[in-house]
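Following: one structure in structure tokens, then a few remarks.
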Amino acid sequence: MVDTVPAGRPKAEVKNLSFYYGDFNALKNISMPVHEKRVTALIGPSGCGKSTFLRSFNRMHDLYAGNRYEGEIRMFPDDVNVLAPTVDPIEVRMRISMVFQKPNPFPKSIYENAAYGLRVRGENRRVALNDKVEEALRNAALWDEVKDRLEEPAFNLSGGQQQRLCIARALATDPEILLFDEPTSALDPIATASIEELIHDLKTKLTIVIVTHNMQQAARVSDFTAYMYLGELIEYGVTDEIFIKPKKKQTEDYITGRFG
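Numbering-wise, the numbering used here comes out as the position in the sequence shown, counting from 1, plus 202.
Structure, rendered in structure tokens:
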């Protein structure tokens, strides 16, 4: 599965994070590290706050009125609180990219999908775009399949290829953290295995946080696991320990299928 627990400072530190949709308290005082160049899985029953927690990292909730954060998510090495109102959410999303549950390529060519974030940043030099697009597609294990059809519409790709294109789009801006929100739930087993293998390869380059309903997937791909229930963090630890010998009965009941 995974490497030993890394030493040193985490890539991010969640401190006393609470989140509100209007008056509804969706996340309650969550604190945990996110280790650098490791995969952290968020597990728990539907509606427990996993996706809400994930989307806090790149300020996706800012897109809707009435949402409110309390607490901090600090990123290192610069020790910046990405939730601070003085921090630009657009810059946060460049540092922390996201891949969603269903493949969502833009109605553009394969090339322009991969180049999208770079163009948003103001990069329009063709040579620079070409280099970064190829690098991103290679890192998403897609280059060899699409290098001769870059000008074709992204919708011509299969579901698994579209999801890898979305990963390439997220990687093109050189993010430090990559968020996955159930990235294989809409894919067949072969495409799912391809994405899981890709996640394993990507963690040599950046830090990953993944929401998954699939216990086997969490065990396969993650180094650390956080079990959530009703907006609270019940247990966090090394994945092997969480799955083999959880400290909390709630966690054990969920993992063994007695609950949730």
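Virtual Cβ for every residue (Gly too), placed ideally from N, Cα, C. All values reported here derive from a predicted model rather than from experimental measurement.
So which of Asp280, Gln364 and Val329 has the shortest CA-CA distance to Lys310?
Of the listed residues, the one whose Cα sits closest to Lys310 is Gln364.
Can you name the start and end residues of the alpha helix (DSSP H) that Glu293 belongs to?
Run containing Glu293: Pro291 to Arg297, per the alpha helix (DSSP H) assignment.
Does the segment 393-401 come within contact of the segment 267-283, defined as at least 3 CB pairs closer than 8 Å?
Too few Cβ pairs lie closer than 8 Å, so no.
For Asp425, is the classification buried or exposed, using 16 other Cβ atoms within 10 angstroms of its Cβ as the cut-off for buried?
The residue is buried, with at least 16 neighbouring Cβ atoms inside 10 Å.
In chain order, which beta strand (DSSP E) runs of at least 3 residues are fully inside the segment 412-454?
Segments of the beta strand (DSSP E) lying fully in the segment 412-454: 426-431 and 434-440.
Would you call the CB atoms of Ser248 and Leu381 closer than 8 Å?
Not closer than 8 Å, so no.
Leaving out five residues before and five after Glu378 in sequence, what residues of the same chain have Cβ atoms less than 8 Å from its Cβ?
Excluding positions up to five away in sequence, the list reads Lys213, Met277, Arg297, Ile298, Leu408 and Thr409.
When DSSP labels each residue in this structure, what does Thr242 get in the three-state scheme?
Correct three-state label for Thr242: strand.
Any idea what DSSP makes of Ser311, helix, strand or coil?
The answer is strand: DSSP assigns Ser311 an E or B state.
Measure the alpha-carbon distance for Leu219 versus Tyr431 and round it to whole angstroms.
About 15 Å.
How about Val413 and Ser258: are their beta carbons less than 8 Å apart?
For Val413 and Ser258, no; Cβs fall outside 8 Å.
Name the one or two DSSP bridge partners that Ser220 has.
Ser220 pairs with Glu272.
Using the C-alpha atoms, what's the distance from Ile397 back to Tyr271?
About 32 Å.
For Thr394, which three-state DSSP category applies?
Helix, per DSSP.
Considering only the beta carbon of each residue, do Asn260 and Val294 sit closer than 8 Å?
In contact: Asn260 and Val294 (Cβ atoms closer than 8 Å).
From Lys334, Arg366 and Ile245, pick the residue whose C-alpha is nearest to that of Val301; which is it?
Comparing Cα-Cα distances from Val301 to each of Lys334, Arg366 and Ile245, the minimum goes to Arg366.
Quick test of the definition: if touching needs 3 or more C-beta pairs under 8 Å, does the segment 318-331 touch the segment 344-357?
Verdict: no, contact absent.
Our contact map puts Asn341 next to Leu389 with C-beta atoms below 8 Å; I'd like the distance itself, whole angstroms only.
That pair is no contact at about 19 Å.
What residues in its chain sit with their C-beta under 7 Å from that of Asn358, if we drop five residues either side in the sequence?
Answer for Asn358: no residue qualifies.
Near Ile232, what residues of its chain come up, given a Cβ to Cβ distance below 7 Å and the 5 sequence neighbours on each side ignored?
Within the same chain, Ile232 has close Cβ partners Val216, Leu219, Phe255 and Leu435.
Tell whether a beta-carbon distance below 8 Å holds between Glu353 and Tyr313.
Yes, they are a contact pair.
With 16 as the cutoff for other CB atoms within 10 Å, does Pro385 come out buried or exposed?
Buried.
Leaving out five residues on either side along the sequence, give the residues of the same chain with a beta carbon under 7 Å from the beta carbon of Gly251.
Cβ neighbours of Gly251 beyond the five flanking positions: Ala228, Leu229, Met430 and Gly433.
Just checking my contact of Lys405 with Arg240 at CB under 8 Å: how many whole Å lie between their CB atoms?
Confirmed, Cβ separation roughly 6 Å.
In angstroms with no decimal places, state the Cα-to-Cα distance between Glu238 and Met417.
Taking the straight line from one Cα to the other gives about 22 Å.
Taking the alpha-carbon positions, what's the Met262 to Pro291 distance?
Going by the C-alpha atoms only, they are around 8 Å apart.
Starting from Phe226, trace the beta strand (DSSP E) both ways and give me its first and last residue.
Phe226 to Val236 is the span of the beta strand (DSSP E), which, as asked, contains Phe226.
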